[in-house]
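*Asks:*
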Amino acid sequence: MSVNTEEELNRLVHQAIDSRLPGIGVEQRVLEHARERITREPAPRIPWMPLGRGVGGAFIALAVIALLGGALGLTLSLRNHSTSAPAKTALPILPTSPPATPPVVVPPTAAPSTALVFTPTAVSFATASDGWTIGQVCNPSTCALAVYRTTDAGTRWMPVHFSAKVDLGNATLNIRAASSADVWIWGASDGHGLLVATHNGGVSWQSMAVGNALVADVELAQGTAWAVTTCSIPKPCTATLFSQPVGGGAWSDLGALPAAVGAPIDNNSTIPLAQLVRIGDDAWILDANQQGPALVRSQNNGRTWMSLPLPCTVGATAILGASSPDHVMLACGNEGAFPAPQEVWTSSDGGSKWILRSREGYNSGFSPPAANVGSIDSGGAPIGLAVLSTTTAWMANDREDDLVTHDGGATWIHAALPPDSFGGGGGAEGIGFVDSQHGWTFVPGGIWTTSDGGTTWHLLPGITVPAA
Amino acid sequence: MTSLEGRSGAVDVVPSRDAEADAFEAELRPLLQEAVRLATGMLLSAVEAEDAVQDACVRAWCRRANRRQGTDLRPWFLGIVANQCREVRRGRWWRVVRSDKPGDSSDAHGDTSALIDLRDAIARLPYRRRLVIVLRYYLDLPFDEVAAAADCSIDAAKALAQRGTADLQRALAGEQR
Numbered sequence: 117m118s119v120n121t122e123e124e125l126n127r128l129v130h131q132a133i134d135s136r137l138p139g140i141g142v143e144q145r146v147l148e149h150a151r152e153r154i155t156r157e158p159a160p161r162i163p164w165m166p167l168g169r170g171v172g173g174a175f176i177a178l179a180v181i182a183l184l185g186g187a188l189g190l191t192l193s194l195r196n197h198s199t200s201a202p203a204k205t206a207l208p209i210l211p212t213s214p215p216a217t218p219p220v221v222v223p224p225t226a227a228p229s230t231a232l233v234f235t236p237t238a239v240s241f242a243t244a245s246d247g248w249t250i251g252q253v254c255n256p257s258t259c260a261l262a263v264y265r266t267t268d269a270g271t272r273w274m275p276v277h278f279s280a281k282v283d284l285g286n287a288t289l290n291i292r293a294a295s296s297a298d299v300w301i302w303g304a305s306d307g308h309g310l311l312v313a314t315h316n317g318g319v320s321w322q323s324m325a326v327g328n329a330l331v332a333d334v335e336l337a338q339g340t341a342w343a344v345t346t347c348s349i350p351k352p353c354t355a356t357l358f359s360q361p362v363g364g365g366a367w368s369d370l371g372a373l374p375a376a377v378g379a380p381i382d383n384n385s386t387i388p389l390a391q392l393v394r395i396g397d398d399a400w401i402l403d404a405n406q407q408g409p410a411l412v413r414s415q416n417n418g419r420t421w422m423s424l425p426l427p428c429t430v431g432a433t434a435i436l437g438a439s440s441p442d443h444v445m446l447a448c449g450n451e452g453a454f455p456a457p458q459e460v461w462t463s464s465d466g467g468s469k470w471i472l473r474s475r476e477g478y479n480s481g482f483s484p485p486a487a488n489v490g491s492i493d494s495g496g497a498p499i500g501l502a503v504l505s506t507t508t509a510w511m512a513n514d515r516e517d518d519l520v521t522h523d524g525g526a527t528w529i530h531a532a533l534p535p536d537s538f539g540g541g542g543g544a545e546g547i548g549f550v551d552s553q554h555g556w557t558f559v560p561g562g563i564w565t566t567s568d569g570g571t572t573w574h575l576l577p578g579i580t581v582p583a584a
Numbered sequence: 091m092t093s094l095e096g097r098s099g100a101v102d103v104v105p106s107r108d109a110e111a112d113a114f115e116a117e118l119r120p121l122l123q124e125a126v127r128l129a130t131g132m133l134l135s136a137v138e139a140e141d142a143v144q145d146a147c148v149r150a151w152c153r154r155a156n157r158r159q160g161t162d163l164r165p166w167f168l169g170i171v172a173n174q175c176r177e178v179r180r181g182r183w184w185r186v187v188r189s190d191k192p193g194d195s196s197d198a199h200g201d202t203s204a205l206i207d208l209r210d211a212i213a214r215l216p217y218r219r220r221l222v223i224v225l226r227y228y229l230d231l232p233f234d235e236v237a238a239a240a241d242c243s244i245d246a247a248k249a250l251a252q253r254g255t256a257d258l259q260r261a262l263a264g265e266q267r
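Sequence order for the protein chains is A and B. Going by this note's numbering, the residue at position 178 of the first sequence is 294; the numbering climbs one at a time, nothing skipped. Going by this note's numbering, the residue at position 27 of the second sequence is 117; the numbering climbs one at a time, nothing skipped.
Below, the structure written as C-alpha cells:
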C-alpha cells in the first residue's frame, strides 16, 4: 500500500481507525463514570488561585515568562540527552562519566518559578535513607529522561547522569535499588528491551544485551539480581531469566522461562507484563496477561519450576506479593470499569491453594454473579502490592487511594494520604517498603514516605531542575 | 442550583459543587465524540480509548481552574485527552494492555492487511507525530486547531504532519517489500 496524496492518507487513516472505535453509548458511559469519580473527589482544600484576580494574573504572567525562559535553558542543557528520536536498534548505553561537579539539588518547599519539576515514573528505596527515582522533566515542548538518587531519605536528591536513548512516549521504565551504589533500570522503549545497571552510584552504567526481548522485571534476593525477559508478537524471542551478582559482574543465563509464562505478550503490545517475586530460594513468576494468565513457582533458586493455580476471575489483571516462602497474596482487578471489581486471595502454602479474603464488584455484570466478601471499597485496580506479614499488606491502586489491610486481606482501609493526589487525582503509581516501618508511595505529583509503618505519610520536597 | 454563603454581613452567591459539575458536564458533552475519536486514534484500542477519555474528563474537572476565562474548551480538553493517551502509552508498570474482548485479533474487524499495516505504522509513530497525524487526518482539524491541541506552533504542526506522513509512507513501503 502506498500513500501518495493527502486525500488518500485521510481516507485510509479513517478506515484504519474507524474499526477500532468504541461502540454506541460510549460518550454517556464516559460521562457517567467520570461524574461518579468527580462526586467521590473531595472538595479542594486550597483554592487554586488564592490571590485576587489582578495580583494573581500578574503573578501567573511572571511565572509563565520565567517558565518559558527556564524551558529554553533546559532544552539547551539537555540537548545531549535528547529523547525524541526513537531507537532503531538495541538501545546503546555507554559507560558515562558524571558531570565534573555534580550539582546537588536541594528541593525547596515550593518550587521557584524558574524551575522545572521532575515527575517520577518509578521509585525504589534500598534502605530507609538510600533511594533512587527515574522520571522525566518537561518543558512546554519536550520531555527529558532524568534519574535522581538520595542518601538522606529524600531530603536532598542528586541528579545522576544517564544517557539512554528512550522514546518517552513509548517507554515503560522501572528501577530497583540494592544500595546507594547498585541499581538496575529496565523496561521497554519503542519496542526495544532495556536493561542497565550501575554498581558505582551512577558514575558508569553497564548494559545487558537482550536481543529482541523486552525486560519485564528485576528482583533481588540471595545476593543476586534476576531479570525476567518477555517477548512481543512482532519480535519473536525466547523469554529468559538472567542473573547478576548484586555487587556487579557478568550476567548469567538461567534458562528459558517455563512455557506457561513465556508466551509473547498478547494484543501486539510491547508493554512487558510478567512480574517476578523472590523470597530466599523461592521465586514466583506471574504472567498477568489477561488472555492467558499463569503463575509458576521455583523452590530451588530457579532450577525447576512448577505451575500454580490462579484463582482470579477470568479477564482480570493481577499482582502478586509474598512475605515468606509460604505466605503469598494475590490482588486481582478487572480494569476498565469504575469502580473496578476486585478480589484479594492469600495462600499459606506458597500458592498451591488459595483462600478468598475479600471481593467487591463481581455481584453484578458477571455471570454467575459472585457475592461480596470482606471489604475493599476501592474504585481502582491494584497495580502495586507490598506484603509485609501474614496480616499487614499495602496495595497501590490505579485511580484510587493506597489501601492497607491489617487482618490478612479481609478488610482494607484507605491510607492517610491526600485524596486529591491519590483517589481524587489520577491514583497511585506504586508502593514499596524496605521493612515494616519504612515505605514509599508516589503519584506523578510527588513521593510520600513513612517511617512509622504507614500511620503517617510525609510528602518529600519536590525535585526541581534549575532552569538556567 | 446555588447556595448562599453569608460573610461579614455580605451575601455572595456561590455555585454549588453539583451545579458547577452540571455546567461542566454540559460544556464537555459535545466534545466527547471528538475526544473518543482522538483517543482511539492514539491508542488504537476501544477499551483504552474509553478509559483515557474518562480519565481526561476527571482531570479536566480537577484542573478546571487552570483554564483561562473565556477561552475555548475544545483545544484545552483535547490537549488533556492527548496527554492522557501519552500516559497510557507510557504505561503504568503493571497495567495490562487490554484487548476489546478475549481472542480479539488484529483482523477481527475484517480489515484488509493494508489497513492493519497502516494501523501498525501509526502505532509506531513517535508520540507527537502520531498526535498530529490523528488530529489532522482523522479528526480533520485545520492546522491552527491541530497546533492548539498539540500545544505547538502551526509551523511545527505542519512539520510534524509532514514527518509523520513520511514515516507512514516509509513504513508502508517497507511492509510491501
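Where a beta carbon is used, it is the ideal one built from N, C-alpha and C, also for glycine. Since we're looking at a predicted model, the values are computed, not measured.
Between the C-alpha atoms of A:Ser240 and B:Asp257, what's the straight-line distance to the nearest angstrom?
*Replies:* The residue given as residue 240 of chain A occupies position 124 in the first sequence. The residue given as residue 257 of chain B occupies position 167 in the second sequence. Looking at the two C-alpha atoms, the distance is approximately 37 Å.
*Asks:* If you follow the alpha helix (DSSP H) that A:His130 is in, where does it begin and where does it stop?
*Replies:* Here the question's residue 130 of chain A lines up with position 14 in the first sequence. A:His130 -> alpha helix (DSSP H) spans Glu122 to Asp134.
*Asks:* If we count the other Cβ atoms within 10 Å of its Cβ and call it buried at 16 or more, is B:Gln123 buried or exposed?
*Replies:* By 1-based counting over the second sequence, the position of residue 123 of chain B is 33. It counts as exposed.
*Asks:* Check whether the Cβ of A:Arg292 lies closer than 8 Å to any Cβ atom in chain B.
*Replies:* Against the first sequence, residue 292 of chain A aligns to sequence position 176. False, the Cβ-Cβ gap to chain B never drops below 8 Å.
*Asks:* For chain A, find out if any of its Cβ atoms is closer than 8 Å to the Cβ of B:Thr130; answer yes or no.
*Replies:* Residue 130 of chain B sits at position 40 when you count from the first residue of the second sequence. Taking Cβ atoms only, chain A reaches closer than 8 Å to B:Thr130, which makes this a yes.
*Asks:* Indicate whether at least one CB of chain B lies closer than 8 Å to the CB of A:Asn488.
*Replies:* Reading the first sequence from its first residue, position 372 is the one you call residue 488 of chain A. Judged by the 8 Å Cβ criterion, A:Asn488 is not in contact with chain B.
*Asks:* Report all residues from its chain with a CB closer than 8 Å to the CB of A:Leu190; omit the five preceding and five following residues, and keep chain order.
*Replies:* Here the question's residue 190 of chain A lines up with position 74 in the first sequence. Confidence is the limiting factor: at A:Leu190 the pLDDT is only 28, short of 50, which leaves the residue's position unreliable and the question unanswerable from this model.
*Asks:* Please classify A:Phe278: does DSSP put it in a helix, a strand, or coil?
*Replies:* Position 162 of the first sequence holds residue 278 of chain A. Coil.
*Asks:* Under three-state DSSP, which class holds A:Pro484?
*Replies:* As a working note, residue 484 of chain A is residue 368 in the first sequence. If DSSP states are grouped into helix, strand and coil, A:Pro484 belongs with coil.
*Asks:* Pairing CB atoms from the segment 309-328 of chain A with CB atoms from the segment 354-370 of chain A, are three or more of them under 8 Å?
*Replies:* Contact holds: three or more Cβ-Cβ distances are below 8 Å.
*Asks:* Under 7 Å between beta-carbons, which chain B residues line up against A:Arg136? List them in chain order, please.
*Replies:* Taking the first residue of the first sequence as 1, we reach residue 136 of chain A at position 20. Those are Thr130, Leu134, Ser135 and Ala136, listed as they occur along chain B.
*Asks:* For B:Thr255, decide whether its Cβ has a neighbour in chain A, counting only Cβ atoms nearer than 8 Å.
*Replies:* Position 165 of the second sequence, counted from the start, is the residue given in the question as residue 255 of chain B. So yes, B:Thr255 belongs to the interface.
*Asks:* On a Cα-Cα basis, can you pick out the residue from A:Trp421, A:Gly466 and A:Asp403 that is closest to A:Ile435?
*Replies:* Locating residue 435 of chain A in the first sequence gives position 319, counting from the first residue. Checking every option, the nearest Cα to that of A:Ile435 belongs to A:Asp403.
*Asks:* Nearest CA to the CA of A:Ala132: which residue from B:Ser203, B:Gln174 and B:Leu250?
*Replies:* Within the first sequence, the letter at position 16 stands for residue 132 of chain A. The candidate whose alpha carbon is nearest that of A:Ala132 is B:Ser203.
*Asks:* Quick check: the segment 159-172 of chain B against the segment 236-253 of chain B, are at least 3 beta-carbon pairs closer than 8 Å?
*Replies:* A contact exists between the segment 236-253 of chain B and the segment 159-172 of chain B.
*Asks:* If we count the other Cβ atoms within 10 Å of its Cβ and call it buried at 16 or more, is A:Gly570 buried or exposed?
*Replies:* Taking the first sequence and counting its residues from 1, the one referred to as residue 570 of chain A is at position 454. Looking at its Cβ environment, which holds 16 or more other Cβ atoms inside 10 Å, A:Gly570 is buried.
*Asks:* Using a Cβ cut-off of 7 Å, pull out every chain B residue sitting near A:Ala438, in sequence order please.
*Replies:* By one-based count along the first sequence, residue 438 of chain A stands at place 322. Chain B residues near A:Ala438: none, gap ~16 Å exceeds 7 Å.
*Asks:* Against B:Val126, what residues of chain A qualify as contacts under a CB-to-CB distance less than 8 Å, listed in chain order?
*Replies:* Taking the second sequence and counting its residues from 1, one reaches residue 126 of chain B at position 36. By Cβ distance, chain A contributes Leu137, Pro138, Val142, Glu143 and Val146.
*Asks:* Note down, in chain order, every chain B residue with its Cβ under 9 Å from the Cβ of A:His130.
*Replies:* In the first sequence, the residue the question calls residue 130 of chain A occupies position 14. Within chain B, the residues near A:His130 are Tyr227, Tyr228 and Asp230.
*Asks:* Give the single residue among A:Thr462, A:Gly562 and A:Ala532 whose Cα lies nearest to the Cα of A:Trp573.
*Replies:* The sequence position of residue 573 of chain A within the first sequence is 457, counting from 1. Looking at the Cα atoms, A:Ala532 is the closest of the given residues.
*Asks:* Tell me, please, whether the CB atom of B:Val148 is closer than 8 Å to any CB atom in chain A?
*Replies:* For the purposes of this step, residue 148 of chain B is taken as residue 58 along the second sequence, with counting starting at 1. Chain A, which has a Cβ nearer than 8 Å to the Cβ of B:Val148, makes this yes.
*Asks:* Between the alpha carbons of A:Tyr264 and A:Gly327, how many angstroms are there, rounded?
*Replies:* In the first sequence, the residue the question calls residue 264 of chain A occupies position 148. In the first sequence, the residue the question calls residue 327 of chain A occupies position 211. Roughly 28 Å between the two C-alpha positions.
*Asks:* By a C-beta neighbour count over all protein chains shown, 10 Å radius and 16 as the cutoff for buried, is A:Asn290 buried or exposed?
*Replies:* Here residue 290 of chain A refers to the residue found at position 174 when the first sequence is read from its first residue. A:Asn290 comes out buried.
*Asks:* To which residues does DSSP link A:Phe358 through a beta bridge?
*Replies:* Your numbering for residue 358 of chain A matches position 242 in the first sequence. Looking at the DSSP assignment, A:Phe358 forms a beta bridge with A:Ala343 and A:Asp369.
*Asks:* Measuring only between beta-carbons, confirm whether B:Ala249 sits less than 8 Å from chain A.
*Replies:* Reading the second sequence from its first residue, position 159 is the one you call residue 249 of chain B. No, because no Cβ of chain A sits closer than 8 Å to the Cβ of B:Ala249.
*Asks:* When burial is assigned at 16 or more other CB atoms within 10 Å of the CB, is A:Ser368 buried or exposed?
*Replies:* Along the first sequence, one-based indexing puts residue 368 of chain A at 252. A:Ser368 comes out exposed.
*Asks:* Could you compute how far the alpha carbon of A:Ile547 sits from the alpha carbon of A:Val377?
*Replies:* Within the first sequence, residue 547 of chain A is the residue found at index 431, counting from 1. Within the first sequence, residue 377 of chain A is the residue found at index 261, counting from 1. If you take the alpha carbons of A:Ile547 and A:Val377, they lie about 25 Å apart.
*Asks:* Against chain B, with Cβ distances strictly below 8 Å, would A:Leu194 count as a contact?
*Replies:* By 1-based counting over the first sequence, the position of residue 194 of chain A is 78. Only weak support exists for where A:Leu194 lies, its pLDDT of 26 falling under 50; the value from the coordinates is given anyway. Taking Cβ atoms only, chain B never reaches closer than 8 Å to A:Leu194, which makes this a no.
*Asks:* Chain B partners of A:Ala456, CB-CB under 9 Å?
*Replies:* Looking up residue 456 of chain A in the first sequence gives position 340. Those within 9 Å of A:Ala456 in chain B number zero; the least Cβ separation is about 10 Å.
*Asks:* Which same chain residues, not among the five before or five after B:Arg125, have their C-beta less than 6 Å away from its C-beta?
*Replies:* Your numbering for residue 125 of chain B matches position 35 in the second sequence. Rather than Arg, the amino acid found at residue 125 of chain B in this sequence is Ala. Closer than 6 Å at Cβ, skipping near neighbours: Val143 and Val171.
*Asks:* Taking the C-alpha atoms as reference points, what is the distance between A:Asp465 and A:Leu519?
*Replies:* Residue 465 of chain A sits at position 349 when you count from the first residue of the first sequence. Residue 519 of chain A sits at position 403 when you count from the first residue of the first sequence. Going from the Cα of A:Asp465 to the Cα of A:Leu519 covers about 25 Å.
*Asks:* Measuring CA to CA, which of A:Thr527, A:Ala293, A:Gly418 and A:Arg413 is closest to A:Val460?
*Replies:* Within the first sequence, the letter at position 344 stands for residue 460 of chain A. That would be A:Thr527, whose Cα lies nearest to the Cα of A:Val460.
*Asks:* Looking at chain A, is there any beta carbon in it that lies within less than 8 Å of the beta carbon of B:Gln144?
*Replies:* Residue mapping note: residue 144 of chain B aligns to position 54 of the second sequence, counting from 1. Closer than 8 Å: yes.
*Asks:* Could you give the first and the last residue of the continuous beta strand (DSSP E) run that contains A:Trp461?
*Replies:* Counting from one through the first sequence, the residue named residue 461 of chain A turns up at place 345. That run of the beta strand (DSSP E) goes Gln458 to Ser463.
*Asks:* With DSSP as the reference, label B:Lys248 as helix, strand or coil.
*Replies:* Your numbering for residue 248 of chain B matches position 158 in the second sequence. Note: B:Lys248 maps to helix in three-state DSSP.
*Asks:* Just the chain B side, please: which residues come within less than 8 Å of A:Asp283 by C-beta, in chain order?
*Replies:* The residue you call residue 283 of chain A lines up with position 167 of the first sequence. Here the neighbours are Pro216 and Tyr217.
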